[in-house]
Amino acid sequence: MIASSARPDNASIVDAGRRAVGAGSGLSYLAHFGLSEAPFRLTPDTDFFFASPPHREALNTLLYALENGEGFIKIVGAVGTGKTLLCRMLLASLPANCQAVYLPNPALDPAGILLGVAEELGISPDGGGFGVHKAIQSRLLELAQRDIHVVLILDEAQAIPADSLEALRLLSNLETEKRKLLTIVLFGQPELDARLNAIPQLKTRISFHERLRALDRDEMRAYLDHRLEHAAQPEGGRVYFTPRALRGLHRTSGGEPRVANVIAHKALLLAYGRGLDRVGWREVRLAARDTADTASRARGLARHAGLAALLAGATVAALYLAL
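Residues in the sequence shown are numbered consecutively from 59, following our numbering.
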């Protein structure tokens, strides 16, 4: 543990923080807080999924729609609200009779979309677009006869070109007398709504839609507790965020989980550098001031000389801990 004083000055915090993120210090960082892994990594990890009310409702809606063989489902949320993690939770929660076709980067032309679907279905069709479409239809019918329903999941769907959205609409036409052969799930930023408004023949086919919102303060507290508890060693962790720190974190992050993770991780590094077992208002404010898009929310904070150098090292520490 790094030695601390009751109220170290700014320079001592920076020096301690540099030691905290120095070579080989990752394990002591975790041990200091009683953690077995880093609690606020940015990589979407289903083990850390927190079923907040909006995320739980969205996941339940998705599973219900799949069970009933709906054609189009849309999930919209701002950057950092947890769309990709929800997408991965859906993939992990699919019923046994569902086969996923996942396109994480669907900014493709119609031919690219169709070829991507065909490849995920394990087919190599000959010919152009019509041949690919027919091959996909044949495979979907074959799977349906085996009671296997295919789910096409597209992340970052706001980037899909208009003509590719039309190709998806044509795919959604594939059906038997009783149900759709393919369910299409679109995860996207709010711009997706504008894209769909321009294609009414597709918009009207969306049977279920959910919008992910930011977390309120109580949900943010539960979110932090969930991640810290999951990352704790078997005997339990030894770190917590004070009520004032929570208020600051919620305000500066806007309730967005991804931004909260960035600030919380940096605040933990600052607390570690000071030898503390709790994160206070000061650590959150300093971390928020150094984080893009949140500095303006961290008003009233005196300039912290050298903080940028310390928190640049936080990236190194995060990468080290993710190994």
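Cβ atoms here follow ideal geometry from the backbone N, Cα and C, with glycine treated the same way.
Values in this document were obtained by computation on a predicted structure and should not be read as measured data.
{"Check": "When 124, 312, 320, 336 are compared against residue 267, the one with the closest alpha-carbon", "Outcome": "124"}
{"Check": "At least 3 beta-carbon pairs within less than 8 Å: the segment 145-156 vs the segment 168-180", "Outcome": "no"}
{"Check": "C-alpha distance - residue 131 paired with residue 281, whole-angstrom precision", "Outcome": "26 Å"}
{"Check": "Cβ separation of residue 104 and residue 272, assumed to be a contact under 8 Å, to the nearest whole Å", "Outcome": "So it is not a contact: roughly 21 Å between Cβ atoms."}
{"Check": "Burial state of residue 200 (16 or more Cβ within 10 Å)", "Outcome": "exposed"}
{"Check": "First through last residue of the alpha helix (DSSP H) which encompasses residue 291", "Outcome": "Neither: residue 291 is in no alpha helix (DSSP H) and is coded neither H nor E."}
{"Check": "Cβ pair residue 338, residue 303 closer than 7 Å", "Outcome": "yes"}
{"Check": "Residue from 229, 218, 223, 212 whose Cα sits closest to the Cα of residue 192", "Outcome": "229"}
{"Check": "Cβ-heavy atom distance, residue 141 to the ligand SAH, below 6 Å", "Outcome": "Only the bare structure without any ligand can be found here, which leaves the ligand SAH out of the picture."}
{"Check": "From 141, 321, 150, residue whose alpha carbon lies closest to that of residue 212", "Outcome": "141"}
{"Check": "Simplified DSSP state of residue 359, which is helix, strand or coil", "Outcome": "The pLDDT assigned to residue 359 is 42, lower than 50, so where the model puts this residue is not dependable, and the model offers no usable value."}
{"Check": "Test item: CB-CB of residue 215 and residue 245 under 7 Å", "Outcome": "yes"}
{"Check": "Test item: CB-CB of residue 322 and residue 98 under 7 Å", "Outcome": "yes"}
{"Check": "Option in 275, 234, 241, 176 with minimal Cα separation from residue 203", "Outcome": "234"}
{"Check": "Own chain partners of residue 349 with C-beta closer than 6 Å, once the 5 adjacent residues on each side are dropped", "Outcome": "320, 321"}
{"Check": "Opening and closing residue of the beta strand (DSSP E) in which residue 137 lies", "Outcome": "Taken as a continuous stretch (DSSP letters only), residue 137 belongs to no beta strand (DSSP E), as it is neither H nor E."}
{"Check": "Alpha helix (DSSP H) segment containing residue 119, residue limits", "Outcome": "111-125"}
{"Check": "Identity of the residue in 113, 101, 324, 133 nearest residue 248 by Cα", "Outcome": "133"}
{"Check": "Paired residues, beta bridge with residue 175 - DSSP", "Outcome": "Per DSSP, none; premise fails for residue 175."}
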